[in-house]
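Chains as they are written, first to last, in this note's numbering: chain A, 1050 to 1272; chain B, 1050 to 1272; chain C, 1050 to 1272; chain D, 1050 to 1272; chain E, 1050 to 1272; chain F, 1050 to 1272.
6 protein chains.
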Amino acid sequence: MGVVVQNIERADRAIIDALAECGVATVHEAQDRTGLLASYMRPIYAGARIAGSAVTISAPPGDNWMVHVAIEQLRESDILLLAPTSPCEDGYFGDLLATSAMARGCRGLVIDAGVRDVRDLTAMGFPVWSKAVFAQGTVKNTLGSVNVPVVCAGAAIDPGDVLVADDDGVCVVRRADAAVVLEKARAREANEAGKREKLASGILGLDMYKMRERLAAEGLKYV
Amino acid sequence: MGVVVQNIERADRAIIDALAECGVATVHEAQDRTGLLASYMRPIYAGARIAGSAVTISAPPGDNWMVHVAIEQLRESDILLLAPTSPCEDGYFGDLLATSAMARGCRGLVIDAGVRDVRDLTAMGFPVWSKAVFAQGTVKNTLGSVNVPVVCAGAAIDPGDVLVADDDGVCVVRRADAAVVLEKARAREANEAGKREKLASGILGLDMYKMRERLAAEGLKYV
Amino acid sequence: MGVVVQNIERADRAIIDALAECGVATVHEAQDRTGLLASYMRPIYAGARIAGSAVTISAPPGDNWMVHVAIEQLRESDILLLAPTSPCEDGYFGDLLATSAMARGCRGLVIDAGVRDVRDLTAMGFPVWSKAVFAQGTVKNTLGSVNVPVVCAGAAIDPGDVLVADDDGVCVVRRADAAVVLEKARAREANEAGKREKLASGILGLDMYKMRERLAAEGLKYV
Amino acid sequence: MGVVVQNIERADRAIIDALAECGVATVHEAQDRTGLLASYMRPIYAGARIAGSAVTISAPPGDNWMVHVAIEQLRESDILLLAPTSPCEDGYFGDLLATSAMARGCRGLVIDAGVRDVRDLTAMGFPVWSKAVFAQGTVKNTLGSVNVPVVCAGAAIDPGDVLVADDDGVCVVRRADAAVVLEKARAREANEAGKREKLASGILGLDMYKMRERLAAEGLKYV
Amino acid sequence: MGVVVQNIERADRAIIDALAECGVATVHEAQDRTGLLASYMRPIYAGARIAGSAVTISAPPGDNWMVHVAIEQLRESDILLLAPTSPCEDGYFGDLLATSAMARGCRGLVIDAGVRDVRDLTAMGFPVWSKAVFAQGTVKNTLGSVNVPVVCAGAAIDPGDVLVADDDGVCVVRRADAAVVLEKARAREANEAGKREKLASGILGLDMYKMRERLAAEGLKYV
Amino acid sequence: MGVVVQNIERADRAIIDALAECGVATVHEAQDRTGLLASYMRPIYAGARIAGSAVTISAPPGDNWMVHVAIEQLRESDILLLAPTSPCEDGYFGDLLATSAMARGCRGLVIDAGVRDVRDLTAMGFPVWSKAVFAQGTVKNTLGSVNVPVVCAGAAIDPGDVLVADDDGVCVVRRADAAVVLEKARAREANEAGKREKLASGILGLDMYKMRERLAAEGLKYV
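Structure below.
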């Protein structure tokens, strides 16, 4: 506790932006179905789809002092990520902090706790994925750490890892894997386009994926 | 496990469509306050109001193989309904499966688990009522069954039963009861129209329903 | 049980309306971070921001008889607040009751249980903050009380207390404290306006709040 | 609502008693992994292992009137099973009702709600599997039904079905299937005895079940 | 925040002790089914049954500083009661604090959060009713208050109120009502003894409470 | 997926055993309040206190194939740890697997899912900390991995890390830190012994820890 790591490495901006376009479900599949945060992490408004480098915060329950410290570490296109050291749903973050974070180019917040001022945040276009919307105020009395490894909503996240977030939730991509994952995600997308057309025309997945034989072998019975 | 029932009976299309117009709350009351699925079943977007015949899926946790099998069984105006064999919130269903289901006339999905690609599903106008929005991918390794009786979100559902779903949630109507329930639902609606007018004019429910006497008899005291 | 208190005192209308404009987060902070209802109390639609005097209902599980009784006690700008005597998510309230409540000037409903007909309520512009959306019908067989002190979603509320509700949730202000809390809330707002501007210009909270020295004293280390 | 079915059929007593000896996990497996009630159904004390015919109660939330009605329907070795018509954790049942039920030969209670007087029930040796321990009292104002089909903790149960309950939870066996399930359960037990000995001697499941080849075929890699 | 009320009034010791003997369910019924804390408040070991005057603590999440302050306020036969200012399950209390509290005559702890060292507390015979068992440590940085009104697990509690706790959970009795509630609780117990005997002899509640006529009037049908 | 790491490093046996004696709460504090698994991880019986090296399993929902694979990797004094790839409470583990694991010297199981046969496991003295007790059976169709890093119940765990588990829950100690953490835990224990004696004699924590001055400085008021 009480450590701020200052110059974390980040993935390439072009790769990050391209991952955002792929979206959570595709990126998650592209890295062998790993990296999802828990399903209780929901966006405060529909339609946002972002990616960015994680500036991580490990914060005590009910204490948002470290958010102020973390904002100084933000660079263009980063995403703030806060994991409390024990379960908490207090509103660590509101419109003033969002104003400050946006001034530094921050693209959004992922927080395994609460957020408040959601009406203002929505109006500002500052997206947040959180465990709760809760106005409960916090104090500034106890140190935490910034840019240390954390577990957030069930996912292990290192500072500088790429976060992808949209209406489906949040997915983390290891910084070192970002380029490879992007490649696989794009391949997947290209592949899906063709499938979508066939399915729309009425061809069944059973036929398109040639499942009938294996289903029969497993013993599926039609009655 | 491992059974697909192919030619289930369905209720009359006109009755199904009329039940959709009545909506969940009215239908539920019309059948003596029965048939609701648990309140955690929420729509992925507001405003949809549908009804259809249930094509049921009993699926293992984290395995969506049977969804492909079930889609072949869909007919115009059906609704897919998936109940996992143990609690699960994986994303069994996304935009490709929705494309395929829509191509067969499917009106929506009710799933006691997760759904993904909700941005695309919203854009496509394919409504889903689910326990979770979660991108977690699934496998295709273990058989389940299609068109067998299931318990979904606390409600017992037979294939061919009528599902009614709107912003209030989901309600099941037994196929054999559909006509009678519709009749009662319409009577209820007609009855409510008059009440609504009176209440809007300022007449109290206490007077309209003649409750004062019974309240006094039960011992209600005004102080 | 079985008591209706008829002529409760209310706070001044102008104060109530001004509290609505401040919103939940600001009011909560202005009274030393107290008064919030639990975070599971969510609005049925986004964008409503209201305040009003609480007409409280203590109701048995699954029995909405007392809602009818309470509506008679409503005055212009009141808010209905229902706390069940044990945990319950039944739909105590729908569009007919809302029609009746609106006819008496009611501004909305706060209910530690379920609500139904949310599509209609949204269309009518009658806001509700609830624990659940659930169509489950209720009976009218057992007495409760109206305008007695209750605990609702973790907050102690007396009849006539001021409820403030918006997208962040619900906060209660003691009737006797309403004027003082408003004053503090406005001071807070005035103060925040200046801060917002500075933060938007890129000045850090660390500097604006002069936190660096105290952080160093606590032992924060930059690496 | 408001129906009591009086002379339900029951399975053979000897079969019921033998199912109790097999226990929940074995019986569940013997019927193809079906029939379990949700995992939140926990015993009020450890060590009980019973089976009996279900006398079912469908009760309104917070109203235990029908429990009195159901007790009259109990026969030697039955088990009471209560499912509320909407989620509820009130304490429908305590030591007086247990005294009455025991006087009629009842073996225990399975309740998707609350129970109270658990100290007395433990002393009396009356086992209960419940969703909650909660002293919240109930009323006797609204009818429900006895011996009708219900869904309890996620499982569909008909009156006269066999309930098996132990420290692992509760499982339902269809009355008509009881004999066949018992046979399979016993075969399973006989089979397990031999396996247990081998495993205890250090033989690996990988070898005993000959899994290595299939694992390799699926691509498992040892590094 | 930051207030310690020192000389709270307490109920008569003899009354408190007699309420303990009645137990939670009886006391709850004796005061018209009010006063229960939520069902998630569970004892760390079975068999304890206590009553005492509440010394209340309002504490910030994750900060147990006020527990030390509160212990000084304890008198013989008191019970510590802690309510966090926002939901928290940290382990505010362990064996050292229990040692200190016991040295002052404290009978137990009721905490809407976590407790730890439960093995030691069990060995010491110091009973605790809590929301969680969780070893998560706390800090001592932020003030709360002692002996102020709180809401704990859904119940409003004033300092000096009587807490009754046993295997069924926790119930609060208003200090001013303690004598009257005791009287009613004893009357209830006397009444129940006779009923228990009759029920044990096989007399049905339907007959003992003369329910048959009212059930028939409500429309109950036997088939 | 589909990887088994065979020769993981482990901490020194003497250190592991000594950490078990310190217990979860002390070890957690000794490493700066880190490493706890979520509070929902509860022991199936009271009184066990163990430590061991983690042999980790990453398993698909509802598929326990990898448990068989992992058992081969167990060495004397290891602890099995299973994290499903998405939330699941199926009963991956029962008495047969425990028999096999015990034959290889395994000390217990930590599983972020369900366990069954708890009566037998208790009789065998094989302790388990789990999210649920649930008899739901699993299949053996899909690969996972053994001895890879996992997140289990909110804690990041590497194979070979030391798990400490007792009635308070489960804590992980990084393998490389085990010796240092033990040293700190022992120092803490020695320190606590003296404190316990003082507190038992009636000395207040307020005085023993010299808190009064700091409390006054923060503004605590006695009234």
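Every residue gets a Cβ at the ideal spot worked out from N, C-alpha and C, and that includes glycine.
Against chain E, the beta carbon of glycine 1111 of chain A has neighbours under 9 Å at Pro1109, Pro1110, Gly1111, Asp1112, Pro1133, Thr1134, Ser1135, Cys1137, Thr1191, listed in chain order.
Segment contact: the region 1168-1180 of chain B against the region 1116-1131 of chain F, fewer than three CB-CB distances shorter than 8 Å; contact not assigned. Contact residues of the region 1206-1239 of chain A toward chain B are Asp1215, Asp1216, Asp1217, Gly1218, Cys1220 (C-beta to C-beta distance below 8 Å). Here the alpha carbon of valine 1076 of chain A sits roughly 51 Å from the alpha carbon of alanine 1239 of chain B. What tyrosine 1271 of chain C touches in chain A, judged by beta-carbon distance under 7 Å, is Val1053, Gln1055, going in chain order. Within the model, the alpha-carbon separation for valine 1222 of chain A versus isoleucine 1057 of chain A is close to 16 Å. Going by beta carbons, cysteine 1201 of chain B and alanine 1132 of chain B fall inside the 8 Å limit. If only complete runs of 4 or more residues are kept, the region 1161-1239 of chain E shows the alpha helix (DSSP H) at 1167-1173, in order along the chain.
Between leucine 1086 of chain D and glycine 1203 of chain D, the beta carbon gap of about 6 Å places them in contact (Cβ cut-off 8 Å). Counting only residues of its own chain and dropping the five nearest sequence neighbours on each side, aspartate 1256 of chain D has no CB closer than 8 Å to any other CB.
Taking a contact as a CB-CB distance under 8 Å, the pair leucine 1123 of chain B and glycine 1154 of chain B counts as one, their CB atoms being some 7 Å apart. Ranked by Cα distance from glutamate 1241 of chain C, the first of C:Gly1268, C:Cys1071, C:Val1211, C:Leu1192 is C:Cys1071. Of the other Cβ atoms in all chains shown, fewer than 16 fall within 10 Å of the Cβ of aspartate 1061 of chain A; this residue is therefore exposed.
Burial check for methionine 1090 of chain A: the Cβ neighbour count within 10 Å reaches 16 or more, so the residue is buried. Taking C-alpha positions only, isoleucine 1206 of chain B is separated from isoleucine 1093 of chain B by approximately 22 Å. Residue burial is scored here from C-beta neighbours: alanine 1100 of chain A has at least 16 other C-beta atoms within 10 angstroms and is therefore classed as buried.
At the C-beta level, valine 1272 of chain C and valine 1197 of chain A stay beyond 8 Å of one another. In this structure, F:Asp1112 is the residue among F:Tyr1141, F:Met1151, F:Asp1112 with its C-alpha nearest to the C-alpha of lysine 1189 of chain B. Going by beta carbons, valine 1073 of chain E and valine 1213 of chain E fall inside the 8 Å limit. The residue among E:Glu1246, E:Ala1069, E:Arg1082 with its C-alpha nearest the C-alpha of alanine 1184 of chain D is E:Arg1082. Our two residues, glutamate 1246 of chain D and alanine 1225 of chain A, have alpha carbons roughly 48 Å apart in a direct line. A distance below 6 Å between beta-carbons, with the five flanking residues on each side excluded, links arginine 1059 of chain B to the following residues of its chain, in chain order: Ser1102, Gly1209.
The beta carbons of isoleucine 1120 of chain B and serine 1149 of chain B sit about 5 Å from each other, so the pair counts as a contact at 8 Å.
Scanning its chain for C-beta atoms nearer than 6 Å, with the 5 sequence neighbours on each side dropped, one finds around proline 1110 of chain E the residues Pro1133, Ser1135, Cys1137, in chain order. For serine 1102 of chain D, the enclosing beta strand (DSSP E) stretches over residues 1099-1108. With a cutoff of 8 Å on beta-carbon distance, valine 1167 of chain A and aspartate 1216 of chain C are scored as near each other. Burial of glycine 1254 of chain B is indicated by the presence of at least 16 other C-beta atoms within 10 angstroms of its C-beta. Here valine 1054 of chain D carries a coil assignment [DSSP, helix/strand/coil]. In the structure shown, alanine 1095 of chain D falls within a coil segment according to DSSP collapsed to helix, strand and coil.
Straight across, the Cα-Cα distance linking aspartate 1144 of chain F with arginine 1165 of chain F is about 8 Å. Alanine 1249 of chain A is a Cβ neighbour of alanine 1152 of chain B, given a cutoff of 8 Å. Here aspartate 1127 of chain A carries a strand assignment [DSSP, helix/strand/coil]. Distance from valine 1199 of chain A to threonine 1105 of chain A at the Cβ level is roughly 5 Å; contact confirmed, criterion being Cβ atoms closer than 8 Å. Taking every protein chain shown into account, the CB of methionine 1173 of chain D has fewer than 16 other CB atoms within 10 angstroms, so this residue is exposed. In terms of beta-carbon proximity, valine 1200 of chain A stays away from the interface with chain E, with every pair separated by 8 Å or more.
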